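Asks: Quick note: the sequence shown, position 223, residue 223 per full-length UniProt numbering, numbers continuous.
Built from N, CA and C at the ideal position, the CB exists for glycine as well.
Since the structure is predicted, the reported quantities are computational estimates derived from the model, not experimental observations.
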Amino acid sequence: MIFFNLCFEIEFYLKIAISCTILQQIFYWLLHNVELKFLTQVLLYWVVGSVSFYSIGLFIEKVIKKNDTLREKLTARVKKVKKQPFPSFTAKGIIIGEIRSLIAALMIVYLAPEVNRGNSLLLNLGWFLMRIIAADFCFYVTHWLFHRKFLRKIHLKHHEFADSSSFVAGHKSLTEYIIVSITDLLPIFIFGYDITQLCAWTIIGNAYNLEGHSSLSIFFVPSDFHDLHHTCFKGNYGIQGFWDRVFNTLNPPTKKSGIMFPVASLENLTIKSSSRLD
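In structure tokens form, the structure reads like this:
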């Protein structure tokens, strides 16, 4: 069981790192002969992040969830909660969100050290693997603090929803957004950044964040890990369960097996085989 739990978390990290590496190669192919100055890098990073956030979120909500067969097959939520109406998009909300995103992109590109890593597959895979593990740890610590009494009010806006929808991922107070953005800087300060890596990271980061709040297991999210966090308001503070296992704050999720989640499928087969032998 411990072995499968470890493999379960490694599978998530590897999916993120490999997906980011593939996308980084595409961005490198498109941009390696182009001289990108500071402002161009900021605008590129911002546009890629914003377009991917809305397009992935709308695809999940308006395409996948509208298909009854897909929604039923991919639903990760096990513990049912009362359905809630989610806030509708407004021009004011979108504009404020985009200003926040632009400022965050400006901060990251201005403050973090730039390192040109080229198109080395191993170097970029290693960077992304370290990046997701470090980002998960930073997020775990910050998120755990948000659930302590002295910071809880900052986080309550995000927890207006026990039921969850993709765009709840961006439903935060301004203070929380600033703190999370600063936290996201820390791994980049440690490892430096390449603009092609940042563009790849923001797309994949949006993908797993939106999926994690959608109550679906599509590709990256292998359980109802984050659904349980919104339902119970405690435990499961990380992006995925590794650091929660380490610090004993895990609210055990129900794993989603299937072709996209081979570790959970293999664990199920092993349990079934053992029960037959017994």
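Is the distance from the Cβ of asparagine 206 to the Cβ of isoleucine 56 below 8 Å?
Replies: As a working note, residue 206 is residue 206 in the sequence shown. As a working note, residue 56 is residue 56 in the sequence shown. Their beta carbons are under 8 Å apart, which means asparagine 206 touches isoleucine 56 by this criterion.
Asks: Pull the bridge partners of tyrosine 13 from the DSSP assignment, please.
Replies: Taking the sequence shown and counting its residues from 1, the one referred to as residue 13 is at position 13. Answer is none; tyrosine 13 lacks a bridge partner.
Asks: Bridge partners for phenylalanine 261 per DSSP, in chain order?
Replies: The residue you call residue 261 lines up with position 261 of the sequence shown. Secondary-structure assignment with DSSP links phenylalanine 261 through a beta bridge to Gly258.
Asks: For the alpha helix (DSSP H) that asparagine 209 lies in, which residues bound it at each end?
Replies: By one-based count along the sequence shown, residue 209 stands at place 209. First-last of the alpha helix (DSSP H) with asparagine 209: 195-212.
Asks: Which of the three DSSP states, helix, strand or coil, is assigned to leucine 216?
Replies: To locate residue 216, count along the sequence shown from 1; it is residue 216. Leucine 216 falls in the strand class under three-state DSSP.
Asks: If contacts are defined as beta-carbon pairs under 8 Å, then histidine 213 and alanine 162 qualify, I think. What distance do you get, rounded to the angstrom?
Replies: One-based indexing of the sequence shown puts residue 213 at position 213. One-based indexing of the sequence shown puts residue 162 at position 162. Not a contact, Cβ separation roughly 12 Å.
Asks: Which residue's Cα is closest to the Cα of glutamine 197: Phe12, Lys66, Arg117, Glu61?
Replies: To locate residue 197, count along the sequence shown from 1; it is residue 197. Selected option, being the one with the closest Cα: Arg117.
Asks: In chain order, what residues of the same chain lie with their CB nearer than 7 Å to the CB of residue 285, ignoring the 5 residues before and after it?
Replies: In this structure the chain extends from 1 to 278, so residue 285 is not present and cannot be described.
Asks: On the DSSP letters alone, give me the boundaries of the alpha helix (DSSP H) that lysine 62 sits inside.
Replies: If you number the sequence shown from 1, residue 62 lands on position 62. It is not in any alpha helix (DSSP H) - lysine 62 carries neither H nor E in the DSSP assignment.
Asks: How is the alpha helix (DSSP H) around tyrosine 140 delimited, first residue to last?
Replies: On the sequence shown, residue 140 is found 140 positions in, with the first residue counted as 1. Looking at the DSSP string, the run of the alpha helix (DSSP H) that includes tyrosine 140 is 121-146.
Asks: Hey, quick one: how far does the alpha helix (DSSP H) through aspartate 224 stretch, first residue to last?
Replies: Looking up residue 224 in the sequence shown gives position 224. It is not in any alpha helix (DSSP H) - aspartate 224 carries neither H nor E in the DSSP assignment.
Asks: Three-state secondary structure (DSSP) at threonine 90?
Replies: For the purposes of this step, residue 90 is identified with residue 90 of the sequence shown, where counting begins at 1. The answer is coil: DSSP assigns threonine 90 none of H, G, I, E or B.
Asks: If contacts are defined as beta-carbon pairs under 8 Å, then glutamine 41 and isoleucine 195 qualify, I think. What distance do you get, rounded to the angstrom?
Replies: As a first step, residue 41 is located in the sequence shown; it is residue number 41 there, counting from the start. As a first step, residue 195 is located in the sequence shown; it is residue number 195 there, counting from the start. Indeed they touch by this definition, with Cβ atoms about 5 Å apart.
Asks: In this structure, what does DSSP give as the bridge partners for threonine 40?
Replies: What you label residue 40 is simply residue 40 of the sequence shown in a count that begins at 1. None; threonine 40 has no bridge partner.
Asks: Could you tell me the alpha carbon to alpha carbon distance between valine 246 and phenylalanine 3, rounded to whole angstroms?
Replies: As a position in the sequence shown, residue 246 is number 246, starting the count at 1. As a position in the sequence shown, residue 3 is number 3, starting the count at 1. Each residue's Cα considered, the two are about 14 Å apart.
Asks: So, does the stretch 46-62 touch the stretch 126-135, judging by three or more C-beta pairs under 8 Å?
Replies: no
Asks: Output the distance between the C-alpha atoms of valine 34 and phenylalanine 27, rounded to the nearest integer angstrom.
Replies: Counting from one through the sequence shown, the residue named residue 34 turns up at place 34. Counting from one through the sequence shown, the residue named residue 27 turns up at place 27. If I take the Cα positions, the gap works out to 11 Å.
Asks: Select from Ile103, His226, His143, Glu114 the residue whose C-alpha is nearest the C-alpha of leucine 43.
Replies: Position 43 of the sequence shown, counted from the start, is the residue given in the question as residue 43. Nearest C-alpha to leucine 43: Ile103.
Asks: Residues bridged to glutamate 114 by DSSP?
Replies: On the sequence shown, position 114 is the one that residue 114 refers to. According to DSSP, which records beta bridges pairwise, glutamate 114 is partnered with Tyr193.
Asks: What residues are listed by DSSP as bridge partners for threonine 231?
Replies: The residue you call residue 231 lines up with position 231 of the sequence shown. The partner list for threonine 231 (beta bridge, DSSP) is empty, contrary to what the question assumes.
Asks: Run through the DSSP bridge pairs and tell me what threonine 270 is partnered with.
Replies: Position 270 of the sequence shown holds residue 270. Per DSSP, none; premise fails for threonine 270.
Asks: Do phenylalanine 128 and tryptophan 243 have their beta-carbon atoms positioned less than 8 Å apart in this structure?
Replies: In the sequence shown, the residue the question calls residue 243 occupies position 243. In the sequence shown, the residue the question calls residue 128 occupies position 128. No, Cβ-Cβ distance for tryptophan 243 and phenylalanine 128 is not below 8 Å.
Asks: By the 10 Å Cβ neighbour count, where 16 or more other Cβ atoms means buried, how is alanine 76 classified, buried or exposed?
Replies: Translated into the one-based positions of the sequence shown, residue 76 becomes position 76. Buried: at least 16 other Cβ atoms inside 10 Å.
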